[in-house]
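Numbering-wise (UniProt numbering), the sequence shown opens with residue 1 and increments by one. All C-beta atoms, glycine included, are put in the ideal place defined by N, C-alpha and C. Here the structure is a predicted model, which is why all the values come from computation and not from measurement.
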Amino acid sequence: MSASEQFNKVVATYRDALEHPALRQDSEEYQKALSANIEALLQLKADVNGKLALFSSNETLDDLSTGSLKFLAIDYYLAQMCARRQGAGKEMDALSKNRVKLMFLDKAVQLFVQFLISLEDYEILDKSLVQRVNSFKVAYKPTMDELYKPVAEASSADATELNMAYQKRQQKIEFFQRNKMLAAAILSLENRLKTANGEDGDGDGDGDGDSDDLMRELQVQNLRQFSYSAFNEIEQILYETEMLSNFVKNPPAALSQPSQQQSQGDDGRRQAANDETNYTDRLESLNKPLLSKNGKILRNFTLVDKKSELRDKVRGYGQYGPTMTVEELLEKEWEEGRVLQGGPDSANQPEVEDEDDMAYNDRETYKAREWDDFTESHAKGSGNTTNMG
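Printed below as a string of structure tokens:
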């Protein structure tokens, strides 16, 4: 089988069975078929660059034959399939699958960028995409900001953010219109090629029955359309990579120690199978009745006024706090040092009546006499003479 036939077979398998599959992408059957197709394309890539030596760094687009142009899309199809690659083993937990998925997504971005750089080397890539690719600080690891970086930097942070949003919108519109034009040009070239070939055309692009010029132009336009698709795929992968990276860095508690929880669950199931009393240390759902048919209490319950209970739930704090007795509260306050000790000095304490204390009796007697003298000399109401009551 020739290299051209191998390439056509791999691409047909991808488009017919892998691009829009009937199976789930995380199924073992789909992942096995995907892996086999990736290995076949990798072997073809090694042959094209090694044994056949179809491409060279000092060549231009005019130096390439028409039949060799389609091999420039090998990295594009490899990237598309790597983006769909993930762990599918039943023994793998969700955290491990996400790590594997991240690894293949990073590889897909590298392959997409490699595809764009290859087109740039042969001057197939449009200038708008060339500027974007050359703006990447790390060639094979672009960031989301670098994909839509404004041409002119703004003076303030707010202006930069607005400029970024505007630039992104304008670039998406421009890419959409360009992609639409390429699709129309490809359709026109395909129709012209069918007319030029007539019944003798075999459509294999080798020039024996096809119009070589039309076939060459069609291959170039296909590669340009793939370039815009690759740029869009890079954006989608970066979004997915960001989400998966956050999930891997901060996994849920249920996935942080899967092996330990799984072993504990297995031990619990074995103990429950051997325990005749059906005892379990897990919180059971209280769905059994309060009383049996014979009047036996089956579970603990508390008599609560339903109306007051509903009112407390509406007006409460949304959760129930711990309860304790007064003695427990005082003991807790005492342990935490929040109980006041001691008191005021004896000099500031009020005097207590003592009949045997003669000095205290004399002071009280003089105080009573002074009050009597005051009430006799000041008649009731005599103090309010100015306003007359």
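Simplified DSSP state of residue i, which is helix, strand or coil
i           : result
G381        : coil
E336        : coil
A368        : helix
M324        : coil
I124        : coil
A83         : coil
D93         : coil
A185        : helix
M1          : coil
G198        : coil
Y14         : helix
residue 391 : No information on residue 391 is available, as it lies outside the stretch 1 to 389 that the chain covers here.
R24         : coil
A108        : helix
Y77         : helix
A165        : helix
L52         : coil
V130        : helix
A359        : helix
V113        : helix
residue 454 : Residue coverage of the chain in this structure runs from 1 to 389, which leaves residue 454 outside it and unanswerable.
V100        : helix
F136        : coil
K141        : coil
Residue i - containing alpha helix (DSSP H), residue span
i    : result
S227 : 212-249
L42  : 28-49
T60  : Per DSSP, T60 belongs to no alpha helix (DSSP H) and is neither H nor E.
L147 : 144-147
Through-space distance from residue j to residue i, alpha-carbon basis
i    : j    : result
D59  : Y122 : The amino acid occupying residue 59 in the given sequence is Glu; Asp does not appear at that position. Each residue's Cα considered, the two are about 8 Å apart.
T13  : K32  : 13 Å
A73  : N246 : 32 Å
M324 : L330 : 10 Å
A159 : K101 : Below a pLDDT of 50, predicted positions are generally treated as unreliable, and A159, at 48, falls in that range; no measurement from the model is reported.
D373 : K367 : 10 Å
P142 : N250 : 24 Å
E190 : V48  : 26 Å
Q167 : Q177 : 15 Å
S57  : E120 : 12 Å
Y140 : Q171 : 21 Å
M144 : E233 : 12 Å
N361 : E328 : 46 Å
E235 : N8   : 28 Å
L340 : K332 : 13 Å
Y105 : L61  : As written in the sequence, residue 105 is Leu, which differs from the Tyr given in the question. The straight-line gap from Cα to Cα measures roughly 30 Å.
E242 : E146 : 15 Å
R192 : V109 : 35 Å
S35  : E29  : 10 Å
Check: residue i C-beta below 7 Å from any heavy atom of the ligand NAP
i    : result
L105 : Annotation note on the ligand NAP: not contained in the displayed structure, which lists no ligands.
(request) Specify whether the segment 62-77 and the segment 92-99 touch according to this definition: at least 3 beta carbon pairs, one from each stretch, less than 8 Å apart. (result) The way I'd put it, the segment 62-77 doesn't touch the segment 92-99; fewer than three beta-carbon pairs between them come closer than 8 Å.
(message) If contact is defined by three or more beta carbon pairs under 8 Å, each pair taking one atom from either stretch, is the segment 17-33 in contact with the segment 60-69?
(response) no
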